[in-house]
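Below is one structure, written out as structure tokens, with a few remarks after it.
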């Protein structure tokens, strides 16, 4: 098993990666204006789920949850907006 | 603010939605074989992030984290595999 002192850093790395990984998807759509393969139900539902995580984080006063889900929600709403615009 | 008894259900709903929302994206790709607008770096990084969340969940012995991230990882690896296959 992992040393216990490492565990919080694994969680931080997980939060960082799953937050900022959507930047290349958003940039690809901005560059190509191609959203045909993007599923609107998937991204709309993911945005709702992220909003629920944000409400959860605010309810717990958990700063990492609040920060990472605020950034994620901005990126997801950008992708949803681009999908709605480009079809 | 929300009643404190509701808070765990918000977290469960968030985990459920952010896990299963990727099903319509995977199904869309299986149906259309179109992955052109999908960013491989985004989905590959998201899969790595989900794997980190899974390691974090296992380290904490947290069953909700383990279950939701196992399902998520399966869905994400399906999408990554389809992207690699269809280009």
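Chains as they are written, first to last, in my numbering: chain A, 184 to 270; chain B, 184 to 270.
Built from N, CA and C at the ideal position, the CB exists for glycine as well.
Per-residue DSSP class, three states only, for residue i
i	result
residue 185 of chain B	coil
residue 270 of chain B	coil
residue 218 of chain B	coil
residue 244 of chain B	coil
Range of the contiguous alpha helix (DSSP H) that encloses residue i
i	result
residue 197 of chain B	190-203
Candidates the options, of which the one nearest residue i by Cα
i	options	result
residue 211 of chain A	B/226, B/203, B/214	B/226
residue 205 of chain A	B/230, B/185, B/244, B/253	B/230
residue 269 of chain A	A/250, A/238, A/222	A/222
residue 202 of chain A	A/232, A/258, A/213, A/218	A/258
residue 228 of chain B	A/266, A/208, A/265, A/193	A/208
residue 190 of chain B	A/217, A/215, A/242	A/242
residue 249 of chain B	A/232, A/247, A/256, A/194	A/194
> For the segment 231-264 of chain B, which residues have a beta carbon sitting closer than 8 Å to at least one beta carbon of chain A?
Replying inline: Along the segment 231-264 of chain B, the positions whose C-beta sits under 8 Å from a C-beta of chain A are 231, 232, 233, 235, 236, 238, 239, 242, 243, read in chain order.
> Should the segment 185-199 of chain B be called in touch with the segment 229-246 of chain A, which here means at least 3 C-beta pairs below 8 Å?
Replying inline: With the rule of 3 Cβ pairs closer than 8 Å, the segment 185-199 of chain B counts as touching the segment 229-246 of chain A.
> Got a sec: which bits of the segment 185-198 of chain B sit with their beta carbon under 7 Å from any beta carbon on chain A, in order along the chain?
Replying inline: Cβ contacts with chain A: 185, 190, 193, 194, 196, 197.
>> Under 9 Å, CB to CB, which of the residues in the segment 214-226 of chain B have a partner in chain A?
In response: Flagged, chain order: 215, 217, 218, 219, 220, 221, 222, 223, 224, 225, 226.
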